[in-house]
Each structure stands twice: as C-alpha cells, then as structure tokens.
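Residue numbers (this note's numbering): -19 to 421. Each residue gets a CB set at the ideal place from its N, CA and C atoms; glycine is no exception.
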Ligand code: GLY
Ligand code: MN
Ligand code: MN
C-alpha cells in the first residue's frame, strides 16, 4: 500500500463512517465528451470520484457497501483492450487496478448494472448524487426493477435514498494534509504566472499573448491545465466579470485585469490581479485600486476559525461603499447605501467562494436548514475577491472613472490560529506592481 493509497483509503473510510448501516454509495465518473466531430475534449474525471480514488480514466465507478460487520470497496473500470489502447491510450484494466488503487474488488464497467442489482438486494439505504439525478435515475430504476422482481424470494429493496453530494461536500470542504500540499503548489505556480504576466506586459501586447505567457508558466511547472478559462481583460473589458474572449489589444493607459489559476494534480488556484499596462497607475486608477486593496486586506484579516462566513463579505462591502462615497460615485449615508444595496451598482458579486478540486468548490455556506452563515474552520480554503467596476457608459460619474475595473483575489487557507494567504507572493501593493510591470517586456 503506497502513501497515496492510504490518503484515498482514509477518505473512503470517512465516507463509510458517515454512511448508515446497511447502505451502498455509488460514485460515477463520466465518459469522454465530444468537442467536435470525432475529437474529444481533454478528459477530466468527476471531482467526487477522483477525491475518493485518484483514478483518472473515463467510464469508471466506485461502489462502497457498508453492512453490519464489514465494508467493501469496488472499482469498476474499462477493460484492457489492445486495439483501443493502440489508438486511444493506456488503460489500467480491472486486474491491475485492484492492487494499484488498493480496493477490495474490481470489475469491468460493463458489469455495473448486474453488480448494482446484486448490491441493492437487502440493502436499506442508497446514497447517490442528486446533482446527477437525470443521468442516474434511469439506471437506478432498472437496478431497482431487478431487486423488486426478487421480492417473492424474500429480497428487500432499499427504502430510502440519501444525497451523496451533501455528504461528500462536507467532507471535501475541510482539506486534508495531502490536499493542502497540492493547493500550495497550485497557488505557487499560479502566483508565479501572474508575476510573469506583469513582467512581460507593455502597451500593445494582446490579451491572448498575456494569456499564453500564463499558460506557459503553468505547464512548465507541472500544471498542464487551467482551473478555469483565464480572464485577461484590458480597459473596459475588465468590467465584464467572465470575460474570456481575450482578443483585445492593450492600449497605453489601460488597466489589465487577469483572473487566472492553474489546476495542479486536480486542485485549483484562483488569483486576480489588476495593473496598468504601462507600469504607472493614473490618478483615477490609483484611487480605485487603493479602495479595493484596502477592502481586500481588511476582509482577509477577519479570517479565523469560528468567524461567521458573511463577515468577510460585510467587511469588504463596507470599505468599498465608503470608497464609492469618497470617490463621489454614490451620495448618501454608508449604512443606508449598504442596507438598500446601492453599492451593487459598482460591486455586484460576492466576495469569494470555497476552493479545492473545483474552482467554485463544494460545501454549504449556511448552516444546514438555517439562514445563518456557517463559521469558518481550520482546513477550509476560500478566495477573497472584492472589486469595483464602472461601466463605460455610466453618465452618473465623472468621465475619468468610466471603464475602470479592478479586482484583487487571493486564496486563503483557514488555519488553527487564523489564516495563511497561499497566493501572497504575487505583488499587489501599488509600488510593487509598478516596479514589476514591463520589467521583462
Ligand atoms: N475565476 C472565477 C472566480 O473568481 O470566481
Ligand atoms: Mn474566485
Ligand atoms: Mn477568479
């Protein structure tokens, strides 16, 4: 048993511990998806499935069965196939998978229906993904039909169904030591990529050229993929929250907003920096930037175990709203502008999200079944990403503010004593940014 087997084994054991007696849980990873004609997208395993197995091939499933006196783990995968392996790539196959992934049983994926029909017999509870209900429902019905057909022989069918997503989300929300190590690396590679982007930028560079520098830095450091499509928006493009066209040419005087993070061994980083392409903030850009930076630093600083999640957003919103009043964008009492949500004109999104195998990672933000926000706990990883955006056609503000978009985003690990900023290496003070931008252009 390797060290990695122990990591995945411990995660499966935690899931088994959370399962009721006499239950089964099934986690599926999908088939490859067509991009166009006969070309597929690069395959990425289902996050829950990968979290529990470390298995990266398509068309596989994990079955956990918990009975009074024993628990078994079964992995289903594609069979060995010489011809398909010559064309499409290697397959581990059920025989080798048993030892390599340290599970009790392995079968070909084609046996899933038959084995599920057997596994559900005399089982009380079944745990399946609610989110993937549409895909799972027809299969589940066919398995249940097989089980119900045996009723006269005294076979019992499961009477209740639980949402496996909810159980795994709570588990994934608190990162284990292996995950934290990978996330540190994802953060480091991504931080270096942002620094590289700043260093190579000069007026006239195209947004996709900066994107290429970022992707190069990712891949050269072991992260072949982005965790999400990089956002590289210059000038007013920075005000489009999910701008991914990245086909504009930067102009002297523009700010460039880059929101990019790599996926390293399946774990995401998610960083945003905003900087002037000519290396010098204008007075207006500087004024906006200072407000966002102050909000971001204050919001990060409240992070500690036991702190309610909404304090992060509330802290950012207050400072941003004060800033909007000082800059003359909003007029009125800060409390009232917050109460009436007037601030949303210039800050319309949340201040962060959980981060992990998925960039917008799983886990509830509120206490289950209640309106109250949950408290932070050591081992959670989240982003803090306040921003300000002024639409190019906003006639209610002075022309000098129009088209300015600033977002600053870091990845924060909640620790026993407070927090650790995993992406602190990318410059974000005005002086540090101005010193770096264009230094290798
Ligand atoms: N990059 C997506 C986000 O910041 O949420
Ligand atoms: Mn984010
Ligand atoms: Mn982001």
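{"Query": "Simplified DSSP assignment, three categories, for residue 309", "Result": "coil"}
{"Query": "For residue 111, the nearest candidate out of 95, 146 and 101 (CA to CA)", "Result": "146"}
{"Query": "Separation of residue 362 from residue 389, as counted between CA atoms", "Result": "10 Å"}
{"Query": "C-alpha distance - residue 199 paired with residue 3, whole-angstrom precision", "Result": "42 Å"}
{"Query": "Enclosing beta strand (DSSP E) for residue 87 [first to last residue]", "Result": "85 to 88"}
{"Query": "Backbone CA spacing between residue 236 and residue 151 [nearest angstrom]", "Result": "37 Å"}
{"Query": "Range covered by the beta strand (DSSP E) that runs through residue 8", "Result": "3 to 9"}
{"Query": "Beta-carbon proximity of residue 303 to residue 271, cut-off 8 Å", "Result": "yes"}
{"Query": "Residue -15: first and last residue of the uninterrupted alpha helix (DSSP H) it sits in", "Result": "-17 to -2"}
{"Query": "Proximity winner among 379, 100 and 149, relative to residue 130 (alpha-carbon distances)", "Result": "100"}
{"Query": "Local Cβ density within 10 Å of residue 309, reported as buried at 16 or more and exposed below that", "Result": "buried"}
{"Query": "8 Å Cβ cutoff met for residue 206 and residue 242", "Result": "yes"}
{"Query": "Where residue 26 falls, given that 16 or more other Cβ within 10 Å makes a residue buried", "Result": "buried"}
{"Query": "Three-pair Cβ contact test at 8 Å for the region 35 to 55 versus the region 77 to 87", "Result": "yes"}
{"Query": "Top-ranked residue by Cα proximity to residue 210, from 248, 233, 179 and 216", "Result": "248"}
{"Query": "Nearest to residue 70 (by Cα), restricted to the options 269, 58 and 300", "Result": "58"}
{"Query": "Other residues of its chain near residue 354: CB distance less than 7 Å, five sequence neighbours each side excluded", "Result": "289, 344, 345, 346 and 347"}
{"Query": "Local conformation of residue 421 per DSSP, three classes", "Result": "coil"}
{"Query": "Coarse secondary structure for residue 205, derived from DSSP in three states", "Result": "strand"}
{"Query": "Uninterrupted beta strand (DSSP E) stretches inside the region 181 to 241 (no shorter than 3 residues)", "Result": "211 to 214 and 235 to 240"}
{"Query": "Close Cβ partners of residue 432 (< 8 Å) along its chain, the five nearest in sequence each way excluded", "Result": "In the structure as shown, the chain begins at -19 and stops at 421. Residue 432 is therefore absent and cannot be evaluated."}
{"Query": "For residue 190 and residue 251, believed in contact at Cβ under 8 Å, the rounded distance", "Result": "Going by Cβ atoms, the distance from residue 251 to residue 190 rounds to 14 Å, so no, they are not a contact pair."}
{"Query": "Residue 230: CB within 7 Å of a non-hydrogen atom of ligand 5", "Result": "This structure lacks ligand 5; the ligands present are ligand 1, ligand 2 and ligand 3."}
{"Query": "Proximity test, residue 363 beta-carbon vs ligand 1 heavy atom, cut-off 7 Å", "Result": "yes"}
{"Query": "Nearest-angstrom beta carbon gap, residue 155 and residue 336 [assumed within contact, 8 Å]", "Result": "6 Å"}
{"Query": "For residue 256 and residue 224, the rounded distance between their alpha carbons", "Result": "19 Å"}
{"Query": "Per-residue DSSP class, three states only, for residue 30", "Result": "helix"}
{"Query": "Residue 37 CB to nearest heavy atom of ligand 3 below 7 Å", "Result": "no"}
{"Query": "Pick from 7, 105 and 98 that is closest to residue 125, judged by C-alpha positions", "Result": "98"}
{"Query": "Local conformation of residue 148 per DSSP, three classes", "Result": "helix"}
{"Query": "Continuous alpha helix (DSSP H) stretch holding residue 351: start and end", "Result": "Element bounds for residue 351: n/a, residue is neither H nor E."}
{"Query": "Cβ-Cβ distance between residue 67 and residue 93 below 8 Å", "Result": "no"}
{"Query": "Neighbourhood of residue 372 by C-beta distance below 8 Å, restricted to the same chain and skipping five residues each side", "Result": "216, 219, 382 and 383"}
{"Query": "Given residue 53 as reference, the closest of 33, 379 and 37 once Cα atoms are compared", "Result": "33"}
{"Query": "DSSP three-state assignment for residue 81, whether helix, strand or coil", "Result": "coil"}
{"Query": "Secondary structure of residue 100, DSSP reduced to three states", "Result": "coil"}
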